[in-house]
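Structure record follows, encoded as structure tokens.
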Amino acid sequence: MLKTKLNPKTFLPKIKSIFFKIQRYQMYVAKNKHLVGTISESLLNVLHELNNIHQSSIEDVKKQELLYVLFKNSFPKVLWNWATEQKVKSISIRFYDNVIAFVEGYEQYCNTGMTSPEANHSSRQLYWMTDGKFNNFWVSFYGLFFPKYPKYLFSDQARNLGLTESRGLQNIVQEIRDKGYHLFDEKLSREICDRLTKFAENALCKLAPHYPDISTEKYLRYDSDNPKSVTYRVDEQELANNPDIQNLIADSSIISVVQEYFGCRATLRDLSMWWSTAFLKGDADSSSAQLYHWDGDSVKFINVFIYLTEVTSQNGPHCFVRGSHLTKPLSLLRDGRFSDQEIENFYGKEHMDEIVGKRGTIIAADTRAFHKGKALEHSERLIIMLTFSMDLFGATYSSIQLSDGLTDALSQSMKHFPYSYSKFRVGK
Ligand SMILES: O=C(O)CCC(=O)C(=O)O
Ligand SMILES: [Fe+2]
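Just so we're aligned: 1701 in our numbering is position 307 of the sequence shown, and the numbers increase by one with no gaps anywhere.
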């Protein structure tokens, strides 16, 4: 049985020994300015203070206590100072309260692997209060403890999709940084698309939204002649046991793109596949993410979308507002849904991309940006979405139990990149 457990408990003890890493942090920040913005002097001061405690001659138990208290008490203040340095617009006492709730919630997550609703709420608030700067700060801090997997692990790995071959890893990642998404030149092969489509046609799906006349039928197969709701979702557990999906999530070129973008290790947080239908004949359904929104389920993440049906402007292209992952205007910094008009008023039509494509089209997107699935006028769209994030903090996720008999690609990948499969369990 593979042991792939993420042990978040290692995070806090690692924080306590942060002083060893001051130099590395400075180098890291210098190399990753796009993540952090500017070097936070106040954070470096806390690191120095921690170092002083470490070098003092008091006994070890006392030392640990002091380090811990200093970290807990100072970190919110450090973030407050950092926010001032960064000229975060909405800095206020609410910012401070949210930072405290976040830090406490993160500590709880480290101990239990679970995020409280309050901590998740504070994480979402911090995003829009700081226009995303908090998230960049936190991911840069996290990268100190969970650095990227080294390049050599990738070089001899089967990159079964070969996704970085045509444009090269750095070019792809730079494009995601600048624009918010990358459309791969490579496509998923016809054979794999055919097999996965067949699988989705036979799968019992959960319908959303639920309409009263079908409320007794919990799971249904998608029937293209008679759709009964806007989306039909395949069960995540069932999806994870499909060999083509296993090979897909084992693909090391996806993991290498994602971790390069984050600047730290990446883990697969959600695995989904769903049919979108023309049930509402062109009208958008908010609960099916057909109105503009930004995703905030974790601090830093990337969604990889794969079209399994050809997607045109009329059958549900993924719509993405270029550049909106970097900054949003004050008037749009809130939770919720946004009208096309609100988005257009600020960004202009020329930044609102409709991503159409043939079967097998693969997109990697930072859906911190404004995005939506366009409401369908006819036929259907079958899509896969793989969500990678820096950790499992944030919205509730479900663990996945895999049956024995994984594909070779997935067992190899789990062995090399255990962190990336933290929520997976194998065997009985
Ligand atoms: O359907 C799409 O293209 C977008 C889906 C989405 O944004 C979401 O699930 O949050
Ligand atoms: Fe979304």
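C-beta: ideal position from N, C-alpha, C; glycine also. Only a predicted model underlies this, so the values are computations on that prediction, with no experimental measurement involved.
Where does residue i sit, in a helix, a strand or coil, going by DSSP?
i     : result
V1624 : coil
G1821 : coil
G1499 : helix
K1743 : helix
K1766 : strand
T1703 : coil
Y1546 : helix
T1558 : coil
I1757 : strand
V1715 : strand
G1507 : coil
E1580 : coil
N1697 : strand
I1643 : helix
I1416 : For I1416, the predicted structure reports a pLDDT of 48, less than 50, and the residue's modelled location is therefore unreliable. A value from the coordinates is still provided. Three-state DSSP puts I1416 in a helix.
Y1490 : helix
F1469 : helix
I1648 : helix
E1771 : coil
T1432 : Because T1432 carries a pLDDT of 46, less than 50, the predicted location of this residue cannot be relied on, and the following value inherits that uncertainty. T1432: coil per DSSP, three-state reduction.
I1737 : helix
I1749 : strand
Restricting to Cα atoms, I'd like to know which of the options is closest to residue i.
i     : options                       : result
Y1701 : Y1655, T1506, G1507 and L1577 : L1577
S1623 : Y1613, Q1631 and D1689        : Y1613
V1698 : Y1655, Y1503 and L1726        : Y1655
I1494 : N1467, P1511 and L1601        : N1467
Y1791 : F1548, F1818, F1469 and Q1806 : F1818
D1588 : G1742, Q1708, G1507 and E1704 : E1704
F1593 : S1805, L1776, T1781 and L1770 : L1776
N1505 : L1800, S1797 and L1786        : L1786
F1732 : L1582, F1764, G1742 and A1758 : F1764
I1756 : H1772, Y1575, M1784 and E1771 : Y1575
V1567 : I1696, M1508, V1533 and K1809 : I1696
R1561 : T1591, S1647, T1509 and K1481 : S1647
Please classify residue i as buried or exposed, where buried requires at least 16 neighbouring CB atoms within 10 angstroms.
i     : result
G1754 : buried
D1802 : exposed
N1529 : buried
K1766 : buried
Y1616 : buried
L1726 : buried
Q1653 : buried
G1821 : exposed
Q1684 : buried
H1621 : Inspection of the sequence shows that residue 1621 is occupied by Pro rather than by His. So P1621 ends up on the buried side.
S1814 : buried
L1724 : exposed
G1788 : buried
Measuring only the C-alpha atoms, how far is residue i from residue j?
i     : j     : result
T1432 : E1498 : Below a pLDDT of 50, predicted positions are generally treated as unreliable, and T1432, at 46, falls in that range; no measurement from the model is reported.
L1665 : D1629 : 9 Å
Q1519 : D1491 : 10 Å
T1671 : Y1536 : 40 Å
E1774 : S1718 : 28 Å
E1585 : L1555 : 13 Å
R1488 : S1681 : 29 Å
Q1640 : V1463 : 44 Å
I1778 : P1637 : 14 Å
K1471 : T1478 : 11 Å
R1762 : E1632 : 28 Å
I1416 : T1661 : Here I1416 scores only 48 on pLDDT, less than 50, and its place in the model should not be relied on; the value that follows carries that caveat. Approximately 26 Å, taken between the alpha carbons.
K1722 : D1645 : 33 Å
E1559 : R1728 : 39 Å
I1649 : D1760 : 14 Å
G1710 : K1675 : 11 Å
G1657 : H1604 : 40 Å
R1659 : P1812 : 10 Å
L1642 : I1794 : 16 Å
S1451 : D1689 : 48 Å
L1598 : M1667 : 12 Å
Q1564 : A1769 : 34 Å
F1548 : K1542 : 11 Å
F1469 : K1752 : 48 Å
Could you please give the first and the last residue of the uninterrupted beta strand (DSSP E) stretch that includes residue i?
i     : result
T1671 : T1661 to T1671
Q1795 : I1794 to L1796
M1779 : E1774 to S1783
H1576 : Y1575 to L1577
Can you name the start and end residues of the alpha helix (DSSP H) that residue i belongs to?
i     : result
K1345 : The structure shown does not extend to residue 1345, since the chain is modelled only from 1395 through 1822, so no value can be given for it.
V1533 : K1527 to G1537
S1805 : D1802 to H1810
Q1631 : E1630 to A1634
I'd like to know whether the C-beta of residue i is nearer than 8 Å to at least one C-beta of chain D.
i     : result
Y1613 : Within the model displayed, chain D is absent; a lone protein chain is all it includes.
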